Amino acid sequence: MMKFKFFLLQALLSSSLACAGVMGDKPETETPNRLFFAGLGGSYNSVKLDQYFNPLIGTTNIYNGGTLVAFGTANGPAVPFHTTQTTFAPEAQLGYLQSFSNQDWLWGIKLAYNYLSITMTDSDLVSPQLGTLTAVTGAGTGFTGRATISSIQTRIEHEFDLMGIIQHSFKNIHAYLGLGPTTFGTRTNIYNVTGFADIDGTHVDVSGTPVNFASTKWVWGGVVELGMTYFFNPTWFLDINYRYALSPHNKTNYTSAFAGTLANGYTKSGTLFGTTNQYITVQGLTFTINKVFDFV
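Printed below as a string of structure tokens:
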């Protein structure tokens, strides 16, 4: 029995060493010196929005039978809005890589697209207002008031990243760093803005019918990416990466005119002005399968 156990142990060790020898003799995947690639996959993203609606200004002229009798202005900020949401997004990418004279190092460029399609909503905003109403005779009256906003909806639809790449090859596994500009396709809708004033104990709806604002913009920023690729063979590879993209500043001005009649029969006309400042930050983890197009 002891001889059988010794023989079995010897056989297992011999088999293990033989397998190790076979695995060790397996050739590692060599990547082309120059290549184009295209890939499809998906990403899991954390999207942060920091939004400031400041200032919100209203100006008003008051007329009696077409004659200007008074004018006023009021302004104040809304409460800042900070939120973070997560989303899955499809991703597509195109790129080019070429080795330096030392073939362990490569340089290149990559264009990546993520369809983020995420909407962030700040609801029931109130902007406290301080203002002055001045008669054409020169007498001025200070007042307080507020502007109300039903909601501000910001949709971040698209993200394009264009990056220069520095990559190091460990045979079929590569590690890389990417850096470059990014742009976000955004749309902001501001619904039902109304200005009110409290003058001499009287609550006045200054702007009348609520107004809406809208803006569609491409917002520029920067992106950095850390990644690893695994080549299954010279024509297919897996790309796994982490990216950090942000737009440092996105300022948008809005304006809308209003007009109407006051309770005393006087007419009014004026303008609502508003400015939003938005900061977008995206962190994402991406997986793509890529096809290599080699050329000489």
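Reading the sequence shown from the start, the letters are residues 226 to 521 in the numbering used here. Don't be surprised by glycine CBs; every beta carbon is placed ideally from N, CA and C. None of the values given here were measured: they were computed from a predicted structure.
Span separating the alpha-carbon of residue i from that of residue j
i	j	result
residue 481	residue 468	39 Å
residue 320	residue 452	14 Å
residue 513	residue 305	37 Å
residue 459	residue 447	32 Å
residue 421	residue 412	27 Å
residue 296	residue 416	26 Å
residue 504	residue 272	11 Å
residue 303	residue 278	6 Å
residue 522	residue 299	The shown model of the chain, from 226 to 521, leaves out residue 522, and the question about it has no answer.
residue 442	residue 337	19 Å
residue 456	residue 470	26 Å
residue 377	residue 332	43 Å
residue 365	residue 476	33 Å
residue 247	residue 463	Bear in mind that the predicted position of residue 247 carries a pLDDT of just 36, short of 50, making it unreliable; the figure below should be weighed with that in mind. Using only the alpha carbons, I get a separation of about 25 Å.
residue 249	residue 334	Caution is warranted here: a pLDDT of 40 is assigned to residue 249, below 50, making its placement in the model unreliable, and the coordinate value is therefore given only provisionally. Distance between the alpha carbons of residue 249 and residue 334: 34 Å.
residue 515	residue 312	22 Å
residue 434	residue 348	19 Å
residue 428	residue 487	12 Å
residue 401	residue 473	25 Å
residue 264	residue 283	51 Å
residue 308	residue 379	11 Å
residue 399	residue 461	13 Å
residue 371	residue 414	20 Å
residue 257	residue 318	19 Å
residue 385	residue 375	31 Å
residue 328	residue 393	9 Å
residue 396	residue 330	11 Å
residue 509	residue 293	57 Å
residue 230	residue 262	Per-residue confidence for residue 230 stands at a pLDDT of 36, beneath the threshold of 50, marking its modelled position as unreliable; the derived number appears in the next sentence. About 54 Å.
residue 232	residue 449	Because the pLDDT of residue 232 is 37, which lies under 50, any placement of that residue in the model is unreliable, and the number read from its coordinates should be weighed accordingly. Cα-Cα distance, rounded: 58 Å.
residue 454	residue 445	28 Å
residue 478	residue 326	52 Å
residue 489	residue 483	18 Å
Where the beta strand (DSSP E) containing residue i begins and where it ends
i	result
residue 351	330-360
residue 264	259-289
residue 196	Any question about residue 196 goes unanswered here, given that the chain covers just 226 to 521.
residue 425	Taken as a continuous stretch (DSSP letters only), residue 425 belongs to no beta strand (DSSP E), as it is neither H nor E.
residue 294	292-301
residue 364	Where residue 364 is concerned, there is no enclosing beta strand (DSSP E), given that its DSSP letter is neither H nor E.
Residue i Cβ short of 7 Å to the ligand NAP heavy atom set
i	result
residue 473	Judged by which ligands are present, the structure shown has none, so any question about the ligand NAP falls away.
C-beta atoms of residue i and residue j nearer than 8 Å
i	j	result
residue 405	residue 388	yes
residue 280	residue 500	yes
residue 431	residue 270	no
residue 316	residue 341	no
residue 419	residue 373	yes
residue 260	residue 498	no
residue 511	residue 466	yes
residue 301	residue 355	yes
residue 322	residue 391	no
residue 286	residue 495	yes
residue 363	residue 314	no
According to DSSP, residues forming a beta bridge with residue i
i	result
residue 418	374 and 436
residue 384	339 and 409
residue 442	411
residue 397	DSSP, once it has assigned bridges, lists no residue as partnering residue 397.
residue 379	345 and 413
residue 449	404 and 469
residue 431	Per DSSP, none; premise fails for residue 431.
residue 513	266 and 464
residue 369	355 and 423
Contiguous beta strand (DSSP E) assignments of at least 3 residues, all confined to the segment 454-505:
461-486
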